[in-house]
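A quick write-up on the structure given underneath.
Residue numbers (the working numbering), protein chains in the order written: chain A, 1 to 300; chain B, 1001 to 1300.
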């Protein structure tokens, strides 16, 4: 199976490094500099003090024609729009597309793509891009994937043949899968980014924990969650298990990068607006993050 | 007129320095070290690069018998309880007491003091305690005072005879006077302390300004403000005029001190509870500040 990977950020590089052990991978990069760096050095994967090198073909994104059997789109949600535009302008729409964005705001955009199998995934790995061709695999996890639209055949084959050290798990219900991650992100990311604390602090500090529960309760009401208690326990578990981690949104703010707040809180706020529900907490945390992005002059 | 001042923090020292130009002042301190420092060095007042010295009598708070014609209580609201206990245990309740705390939570406590004239005040000066006997007068303002209970005679005399360079303004309605300041503090203090920004940033950053308006709107609903627009304009004005200032709550958090959040947001939250109103924003900002106090291990 030939696999194309669009986007060479931390997740793109991580996927390329592992997936190339089982499939023929081409990675598509935004800059020509990164393209030639990867072609020259391969992709360096660091994990627990060891490092391995994978040689994959790198091409600039402008060269992408969608000729691979499966294309994995790893860019952030706010970078997705031009890629979907491009997909819809290709002479032949690629057969199988797997989208790995956080949040759920992009699902509407995916519906605009016709005649093809669309898969979505939720990545639970911790990865840090150290330079244009080096990625550090800090947190071992899994990747959940599910059918959003179309036929499951190629996705099953992909999951089945993936390297055992980089597990892919096929889920039945894409909505539940993405919503699960959305809820966790919507609580942990903004709070840690505003307070500038590690994940564990949200449950170890009794007052922060109160805010966590308040915010979760509003999210749960807006999304009309059936199993509200379960989701809360999951959030608490994740804070416990990743207590020393700095969330991606905190790291984005610290590094003057644009955050995924639109994909995460923005999506839930839109839901609240559609349902004509007040969501003052979500709104405040959304604006506090947008304000922090503005101060720092964040770059996508 | 003999004036006693209880508390030798920034406001106590500031008042002692100015008021002693017109009245005979005794300042009562919590520590014997500070007492002897003030008796040895006088109170040094720094203003616009100049410094003046006032010699006033300092005594430890344990020596306070309430014998002066007027006692000005300048401690923070969270330090007030033992002082009111002490007042109520004195053989003779002092005739005239002026309380200068922020917030409004202390009014209930003041009602427990019998047979005396009780005045309240709201200080609009900026002052910084540099050491145990030195205070820097950074922001020139006024002190509003009003009768809370009893007879106005002594307060009028005090206002009339105060030094012209340290203006006191007599207000008719103590409730409006304190509520005015409470509302400003309830919006500016928590937001600047959580975001760690100067006052001006709350109106210059469009997203922070949105949060300011949201929070104000909830406060306005809870307090059932008649002139809601006016208060908001006042808040905006103050952010403009003090744009380079760091709020007292921000400075408290930075210096690991306990904040006045209970006196300010805590009071409005209690109002909401009494009226059985939801106040999710106030609650979250309250807990975020309490959480920050806890992290720092804040000392009163």
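Note that CB positions come from ideal geometry on N, CA and C, so glycine has one too. Computed from a predicted structure; not experimentally measured.
- [ ] Would you verify that the beta carbon of residue 1273 of chain B is, or is not, closer than 7 Å to some beta carbon of chain A?
- [x] The sequence position of residue 1273 of chain B within the second chain is 273, counting from 1. Interface with chain A (7 Å Cβ-Cβ cutoff): residue 1273 of chain B is excluded.
- [ ] Report the partner residues of residue 121 of chain A according to the DSSP bridge assignment.
- [x] Working through the first chain from its first residue, we reach residue 121 of chain A at position 121. Answer by DSSP bridge pairing, in chain order: A/145.
Open item on the list: So, does the stretch 1039-1056 of chain B touch the stretch 1130-1148 of chain B, judging by three or more C-beta pairs under 8 Å?
Closed with: Yes, the stretch 1039-1056 of chain B is in contact with the stretch 1130-1148 of chain B.
- [ ] Could I get the ranges of all uninterrupted beta strand (DSSP E) runs contained in the stretch 1019-1102 of chain B, with 3 residues as the minimum, in chain order?
- [x] Residue ranges of uninterrupted beta strand (DSSP E) with 3 or more members, entirely inside the stretch 1019-1102 of chain B and ordered along the chain, are 1024-1029, 1043-1047, 1050-1054, 1057-1060, 1070-1073, 1096-1099.
Task: Where residue 1137 of chain B sits in the DSSP three-state scheme - done: Within the second chain, residue 1137 of chain B is the residue found at index 137, counting from 1. Looking at residue 1137 of chain B - three-state DSSP - the assignment turns out to be strand.
TODO: Run down chain A in chain order and give the residues with a C-beta less than 8 Å from the C-beta of residue 1280 of chain B.
DONE: The residue labelled residue 1280 of chain B in the question sits at position 280 within the second chain. Those are 214, 218, 280, 281, listed as they occur along chain A.
Open item on the list: Please confirm whether residue 1199 of chain B has its beta-carbon closer than 7 Å to some beta-carbon of chain A.
Closed with: Taking the second chain and counting its residues from 1, one reaches residue 1199 of chain B at position 199. It does not: the Cβ of residue 1199 of chain B has no partner Cβ on chain A nearer than 7 Å.
TODO: Note down, in chain order, each residue of its chain lying with its Cβ closer than 6 Å to the Cβ of residue 68 of chain A, except the 5 sequence neighbours on either side.
DONE: Translated into positions along the first chain, residue 68 of chain A becomes position 68. Excluding residues within five positions, the ones whose Cβ falls inside 6 Å are 2, 3, 4.
Open item on the list: Please report whether the beta-carbon of residue 1284 of chain B lies at a distance below 7 Å from any beta-carbon of chain A.
Closed with: Numbered from 1 along the second chain, position 284 holds the residue referred to as residue 1284 of chain B. Taking a beta-carbon distance threshold of 7 Å, residue 1284 of chain B counts as an interface residue toward chain A.
Open item on the list: I want to see whether chain A comes within less than 7 Å of residue 1133 of chain B, judged by CB atoms only; does it?
Closed with: Mapped onto the second chain, residue 1133 of chain B falls at position 133. Taking a beta-carbon distance threshold of 7 Å, residue 1133 of chain B does not count as an interface residue toward chain A.
Task: Interface partners of residue 266 of chain A on chain B, CB under 8 Å - done: Taking the first chain and counting its residues from 1, the one referred to as residue 266 of chain A is at position 266. Here the premise fails: no neighbours, minimum Cβ distance about 13 Å.
Open item on the list: Can you give me the C-alpha to C-alpha distance between residue 165 of chain A and residue 143 of chain A, rounded to a whole angstrom?
Closed with: Here residue 165 of chain A refers to the residue found at position 165 of the first chain. Here residue 143 of chain A refers to the residue found at position 143 of the first chain. Straight-line Cα distance between these residues: approximately 12 Å.
Open item on the list: On a Cα-Cα basis, can you pick out the residue from A/168, A/175, A/155, A/84 that is closest to residue 103 of chain A?
Closed with: If you number the first chain from 1, residue 103 of chain A lands on position 103. Closest by alpha carbon: A/175.
Task: Residues that residue 290 of chain A contacts on chain B, provided the C-beta gap is smaller than 7 Å - done: Translated into positions along the first chain, residue 290 of chain A becomes position 290. In chain order: 1207.
TODO: Could I get the ranges of all uninterrupted beta strand (DSSP E) runs contained in the stretch 1160-1192 of chain B, with 3 residues as the minimum, in chain order?
DONE: Counting only runs of 3 or more, we get 1168-1170.
TODO: From the DSSP output, in three-state form, read off residue 197 of chain A for me.
DONE: For the purposes of this step, residue 197 of chain A is identified with residue 197 of the first chain, where counting begins at 1. DSSP places residue 197 of chain A in coil when its eight states are reduced to three.
Open item on the list: Taking beta-carbon pairs under 7 Å, can you tell me which members of the stretch 219-230 of chain A lie near chain B?
Closed with: Shown here is that no member of the stretch 219-230 of chain A has a Cβ falling below 7 Å from a Cβ of chain B.
Open item on the list: Strictly by DSSP, which residues pair up with residue 2 of chain A?
Closed with: The residue you call residue 2 of chain A lines up with position 2 of the first chain. The bridge partners DSSP lists for residue 2 of chain A are A/24.
Task: Enclosing beta strand (DSSP E) for residue 127 of chain A [first to last residue] - done: As a working mapping, residue 127 of chain A is identified with position 127 in the first chain. Secondary structure note for residue 127 of chain A: its beta strand (DSSP E) is the uninterrupted segment 126-131.
Task: C-alpha gap between residue 120 of chain A and residue 261 of chain A, whole angstroms - done: Numbered from 1 along the first chain, position 120 holds the residue referred to as residue 120 of chain A. Numbered from 1 along the first chain, position 261 holds the residue referred to as residue 261 of chain A. If you take the alpha carbons of residue 120 of chain A and residue 261 of chain A, they lie about 19 Å apart.
Open item on the list: Against chain A, with Cβ distances strictly below 7 Å, would residue 1249 of chain B count as a contact?
Closed with: By 1-based counting over the second chain, the position of residue 1249 of chain B is 249. No, its Cβ sits nowhere closer than 7 Å to a Cβ of chain A.
TODO: Below 8 Å CB to CB, which residues in the same chain sit around residue 167 of chain A once its five sequence neighbours on both sides are set aside?
DONE: If you number the first chain from 1, residue 167 of chain A lands on position 167. Excluding residues up to 5 positions away in sequence, 142, 143 lie with their Cβ nearer than 8 Å to the Cβ of residue 167 of chain A in the same chain.
TODO: Kindly list, in the order they appear in chain B, the residues whose Cβ is closer than 8 Å to that of residue 287 of chain A.
DONE: Indexing the first chain from 1 puts residue 287 of chain A at position 287. 1207, 1208, 1210, 1211, 1214, listed in chain order.
Task: Given residue 54 of chain A as reference, the closest of A/277, A/26, A/109, A/228 once Cα atoms are compared - done: Along the first chain, one-based indexing puts residue 54 of chain A at 54. It is A/26.
Task: Helix, strand or coil at residue 114 of chain A according to DSSP, with G and I counted as helix - done: Mapped onto the first chain, residue 114 of chain A falls at position 114. DSSP, read as helix, strand or coil, puts residue 114 of chain A in coil.
TODO: Compare the C-beta of residue 1294 of chain B against all C-beta atoms of chain A and say whether one is closer than 7 Å.
DONE: Start at 1 with the first residue of the second chain, and residue 1294 of chain B comes out as number 294. So, interface residue.
TODO: Return helix, strand or coil for residue 231 of chain A, following the three-state DSSP convention.
DONE: Within the first chain, the letter at position 231 stands for residue 231 of chain A. Reduced to three states, the DSSP call for residue 231 of chain A is helix.
Open item on the list: Here's a check: name, in chain order, each residue in its chain whose Cβ is nearer than 7 Å to the Cβ of residue 290 of chain A, leaving out the five neighbours to either side.
Closed with: Mapped onto the first chain, residue 290 of chain A falls at position 290. Once the five neighbours on either side are set aside, the close Cβ partners of residue 290 of chain A are 261.
Task: Among A/64, A/123, A/111, the one whose alpha carbon lies nearest that of residue 148 of chain A - done: Residue 148 of chain A sits at position 148 when you count from the first residue of the first chain. Of all alpha-carbon atoms in A/64, A/123, A/111, the one lying nearest the alpha-carbon of residue 148 of chain A is that of A/111.
- [ ] Report the three-state DSSP secondary structure of residue 262 of chain A (helix, strand or coil).
- [x] As a position in the first chain, residue 262 of chain A is number 262, starting the count at 1. Three-state DSSP puts residue 262 of chain A in a helix.
Open item on the list: Between the alpha carbons of residue 188 of chain A and residue 283 of chain A, how many angstroms are there, rounded?
Closed with: Looking up residue 188 of chain A in the first chain gives position 188. Looking up residue 283 of chain A in the first chain gives position 283. When only Cα atoms are considered, residue 188 of chain A and residue 283 of chain A end up about 15 Å apart.
Open item on the list: Does residue 1270 of chain B come out as helix, strand or coil in the three-state DSSP assignment?
Closed with: On the second chain, position 270 is the one that residue 1270 of chain B refers to. Correct three-state label for residue 1270 of chain B: helix.
TODO: Tell whether a beta-carbon distance below 7 Å holds between residue 1222 of chain B and residue 1272 of chain B.
DONE: Taking the second chain and counting its residues from 1, the one referred to as residue 1222 of chain B is at position 222. Taking the second chain and counting its residues from 1, the one referred to as residue 1272 of chain B is at position 272. Taking 7 Å as the Cβ cut-off, residue 1222 of chain B and residue 1272 of chain B qualify as a contacting pair.
- [ ] Check whether the stretch 1013-1032 of chain B touches the stretch 1082-1096 of chain B, taking contact to mean three or more Cβ pairs, one atom from each stretch, closer than 8 Å.
- [x] No, because fewer than three Cβ pairs between the stretch 1013-1032 of chain B and the stretch 1082-1096 of chain B fall closer than 8 Å, the two stretches do not touch.
Task: Endpoints, alpha helix (DSSP H) assigned at residue 247 of chain A - done: Locating residue 247 of chain A in the first chain gives position 247, where the first residue counts as 1. Per DSSP, residue 247 of chain A is not a residue of any alpha helix (DSSP H), being assigned neither H nor E.
TODO: For the stretch 169-194 of chain A, enumerate the residues whose C-beta is nearer than 8 Å to any C-beta of chain B, in chain order.
DONE: For the stretch 169-194 of chain A, which is checked against every Cβ of chain B, the residues closer than 8 Å are 194.
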